[in-house]
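Asker: Before anything else, here's the structure in question.
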Ligand SMILES: [Cu+2]
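In my numbering, the protein residues as written are 318 to 599.
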């Protein structure tokens, strides 16, 4: 019941914090994690640099068009080399690229390294749905399937809403493992700045720390077969208290008859070994 209540709550909750594709959207989705904050800021910085370069080139073009118009400049110059200019137009772009590379690499390392994770989530891509596992929570796991268009309830998003969304607590550093069972998929949540390939036999790693409660949408963005467009990602970020409630309910709702497969146990022990003292409340 509480699960339903929570789900209902977040669906009804102010849509300012629901982040997915919007009509006529031209910018990026609003950031909801420190990684995406930095990605958006870096994007904006690059936009300034690109704008200045474009302006400079446009200025040069206009100057050439006006200054060397055949009426004003009937006899063309025969200049074919100018060492100073040639050095400049090689060195200056290199410098610009180096200046861009420094924050770019910093950001890449920031995205790559999981800072002291509080919990772990394992995402498995299948043709054509996702499985979510909480290895820290005695292997809680469930499948997340698209809601077909015919079954959509009012307020649910076509091709984006799922039967069982991934639920995560806010202000928690979450390590995300991504893997696959058949072909290559990609788990992509734009407002989290998380995009990780789901590859058979590999465990890719990313992380997120959701800053605001809300509903966030993503999609598989690696062409994975005929139903590629029908394996969306829905994440509900809730307060830590609500998350604990949800966990209690979810463990009952998704209790497995076989008490979890071998894979779940391996993931659980790997996660426990790797990190830190077992979380309280288990
Ligand atoms: Cu896909």
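Backbone N, C-alpha and C fix where the C-beta goes; we use that ideal spot for every residue, glycine too. From a predicted model like this one, the values you see are computed outputs, not experimental measurements.
1. Just the Cα atoms here: how many angstroms apart are residue 487 and residue 377?
2. What does the shell around ligand 1 hold, if a residue joins when its beta-carbon is under 5 angstroms from any heavy atom?
3. Can you grab the Cα-Cα spacing for the pair residue 471 / residue 543, in whole Å?
4. Going by DSSP, name the residue or residues bridged to residue 317.
5. Among 362, 430, 540 and 517, which one has its Cα closest to the Cα of residue 418?
6. Based on Cα-Cα distance, which residue from 491, 547 and 360 lies nearest to residue 344?
7. Please tell me whether residue 481 and residue 459 are closer than 8 angstroms, where the distance is taken between their beta carbons.
8. Between residue 442 and residue 504, is the Cβ-Cβ spacing less than 8 angstroms?
9. Thinking residue 547 and residue 483 are a contact (beta carbons under 8 angstroms), I'd like their distance in whole angstroms, please.
10. Can the beta-carbon of residue 500 be found closer than 8 angstroms to that of residue 541?
11. Tell me, to the nearest whole angstrom, how far the beta carbon of residue 521 is from that of residue 528; I am working on the premise that it is less than 8 angstroms.
12. Taking the alpha helix (DSSP H) that residue 351 falls in, what are its first and last residues?
13. With 16 as the cutoff for other CB atoms within 10 Å, does residue 337 come out buried or exposed?
14. Going along the chain, which residues of its own chain have a beta-carbon closer than 8 angstroms to the beta-carbon of residue 421, five neighbours each way excluded?
15. In or out: residue 552 buried (at least 16 other Cβ within 10 Å) or exposed?
Answerer: Result, derived from the coordinates:
1. Whole-angstrom Cα-Cα distance: 50 angstroms.
2. The set of residues with any CB-heavy atom separation to ligand 1 below 5 angstroms comprises, in chain order, 502, 537, 541 and 545.
3. Taking the straight line from one Cα to the other gives about 27 angstroms.
4. Residue 317 lies beyond the stretch modelled for the chain, which goes from 318 to 599, so this question has no answer here.
5. When only C-alpha atoms are compared, the closest one is 362.
6. Checked all of 491, 547 and 360; the closest Cα to residue 344 is 360.
7. In this structure, the beta-carbon distance from residue 481 to residue 459 falls below 8 angstroms.
8. Cβ atoms of residue 442 and residue 504: closer than 8 angstroms.
9. Under the criterion of beta carbons closer than 8 angstroms, residue 547 and residue 483 do not qualify as touching, at roughly 17 angstroms.
10. Going by C-beta atoms, residue 500 is nearer than 8 angstroms to residue 541.
11. Going by Cβ atoms, the distance from residue 521 to residue 528 rounds to 23 angstroms, so no, they are not a contact pair.
12. That run of the alpha helix (DSSP H) goes 351 to 384.
13. With 16 or more other Cβ atoms within 10 Å, it is buried.
14. Within the same chain, and ignoring the five residues on either side of residue 421 in sequence, the residues whose Cβ sits closer than 8 angstroms to its Cβ are 359.
15. Buried, since its Cβ has 16 or more Cβ neighbours within 10 Å.
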